[in-house]
Amino acid sequence: MSNNDTSQPGESTVPVVPNTVFVPPSSNKVIQGSFDRDPTSSMWSTYYVDPDGNSLGSGPFTTPKEPFIAISPDFYPVLGPAPTLQVVAEADTAQFHEAGVYIQESNEVFFTSNRLPSPAGEAFHEYGNFSKISLTPDHDGKYSWEVLKPPSDVFVLPNGGTIYNDKVLMAIQGYKLQVPSSLIVVDPKTLQAEVLLNNFFGRPFNSINDIAILMKPGGGETKLEDQWIFFTDPPYGYFQKFKPHPRLPYQVYAFHPINGTIRVVADGFQRPNGIVFSPDMGTCYITDTGIASGQEHEPTAIDGSRPGTIYAYDVVHPPAGSDLRNNPPSLTNRRVFAFTDSGLPDGIKCDTEGNVYSGCGDGVHVWNKQGALLGKILVGLDIADASARGPCANFVFVPGGILIFAEKRMYLAKIKAKGALLP
15 MSNNDTSQPG ESTVPVVPNT VFVPPSSNKV IQGSFDRDPT SSMWSTYYVD PDGNSLGSGP
75 FTTPKEPFIA ISPDFYPVLG PAPTLQVVAE ADTAQFHEAG VYIQESNEVF FTSNRLPSPA
135 GEAFHEYGNF SKISLTPDHD GKYSWEVLKP PSDVFVLPNG GTIYNDKVLM AIQGYKLQVP
195 SSLIVVDPKT LQAEVLLNNF FGRPFNSIND IAILMKPGGG ETKLEDQWIF FTDPPYGYFQ
255 KFKPHPRLPY QVYAFHPING TIRVVADGFQ RPNGIVFSPD MGTCYITDTG IASGQEHEPT
315 AIDGSRPGTI YAYDVVHPPA GSDLRNNPPS LTNRRVFAFT DSGLPDGIKC DTEGNVYSGC
375 GDGVHVWNKQ GALLGKILVG LDIADASARG PCANFVFVPG GILIFAEKRM YLAKIKAKGA
435 LLP
């Protein structure tokens, strides 16, 4: 397919943009013959099957050669006139997995690895690295990254993170009952760490996954005492066998670190995962990655009948000037915002226009605020084996684009859109 493939009114005006291909929804309405595909893989991995459901080794779609996939013409303003994608870091193990916290002063991004096996003799069977990368390239145009020393003894298996009070706020999954799951804030200069929260009235959290900060209505600069920390707490630690049986349901919480108030704001998930607020702080987006149970090496580890869904909620802010101990925020009017066609929606972010981005395995998918899929940024197309391309779980907006984490690779996508959390 090319930029000039058209089927609907308005599509004839699609611009010619480098590294981009236009794939309108009309191009895949009907597939001739019998077919199937793995729900965690991309549309282009769809394959033809025989009467017994066995793959015939070919499929109806040709994998794009370009990384930027425009599904709607409205994706082009997001990309800008000359989008590019480059690999900025590589490793032999899954070092580039989650978090992604941009620090403006140093032009660095803090991030976490996936779970890694510990060397023999270590106290814990698994560990996760906490690392940073400088976005200031050297004279050869290369980017340098380094693994950091854990900021504290309870900084075990870090996962998602965000910027909070000019510091790095991390979701710590912990290890069994020895190290509780917690929220830990880290000074990016000194790496001094402080635990903000590690229990719900004495009950251990399951394995805190991701974090978002609720600011005042309308967004913008907000006093620290008016900010709330929202976080998701799925049971992945239990199903991945590094945490005990859950002591709490799979929920989303709102926490006020100054007065200590904590409340549950959303439940009913199979695996609550990513969380973000719209730029105006009026909508909260939460992903449910129930499609991946976390039960590794089990037949039901991946089940396409379970959710790979982004839900939207209306945010009810505390009344201005009220006592926040008695007037915490709440989430109402739960509704489906989007269901991902491939993989699962893990990390989630917004740009300044309110568009919603999520890491969905084959890359980053982008929807407008109405939930219409605008396009995708695919990673690893230069790798012939599709199973070795990632997957992409998370990313972070940085000046001039998006830093994308795909396990053994980190990519920099240079696009026009600006992240809502950037200064």
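Here the sequence shown stands for residues 15 to 437, numbered as in this note's numbering. Yeah, the Cβ is synthetic: ideal placement off N, Cα and C, and Gly gets one too.
The DSSP assignment places complete beta strand (DSSP E) segments of no fewer than 3 residues inside the segment 260-321 at 265-269, 276-280, 286-291 and 297-302, in order along the chain. Taking the C-beta atoms as reference points, G174 is found nearer than 9 Å to I225.
Counting the other Cβ atoms within 10 Å of the Cβ of F215 gives fewer than 16, which makes it exposed. Per DSSP, the unbroken beta strand (DSSP E) holding G175 starts and ends at P172 to Y178. Approximately 17 Å separates the beta-carbon atoms of Q309 and P286; this is outside 8 Å, ruling out the contact.
Just so you know, the alpha carbons of Y178 and I324 end up roughly 24 Å apart.
Annotation: the continuous alpha helix (DSSP H) that includes F89 extends over F89 to L93. Under DSSP, V31 shares a beta bridge with no residue.
A residue is called buried once 16 or more other Cβ atoms fall within 10 Å of its Cβ, and N128 is buried on that count. The residue from K237, G282, P342 and D64 with its alpha-carbon nearest to that of R348 is G282. According to the DSSP assignment, G155 belongs to no beta strand (DSSP E), since it is labelled neither H nor E. Within the same chain, Cβ atoms closer than 8 Å to the Cβ of F110 are found at A103, F125, S127, F419, A420, E421, K422, R423 and M424, the five residues on either side in sequence being excluded. Ranked by Cα distance from A306, the first of S336, P343, Y250 and N212 is Y250. For G251, the enclosing alpha helix (DSSP H) covers residues Y250 to F253. Q187 sits buried, since 16 or more C-beta atoms from the chains shown fall within 10 Å of its C-beta. DSSP places N42 within a helical segment (H, G or I) once states are collapsed to three. Remark: C-beta atoms of G433 and C406 do not approach each other more closely than 9 Å. Three or more Cβ pairs closer than 8 Å define a contact, and the segment 88-104 falls short of that threshold against the segment 327-343. DSSP, reduced to helix, strand and coil, places L388 within a strand of the structure shown.
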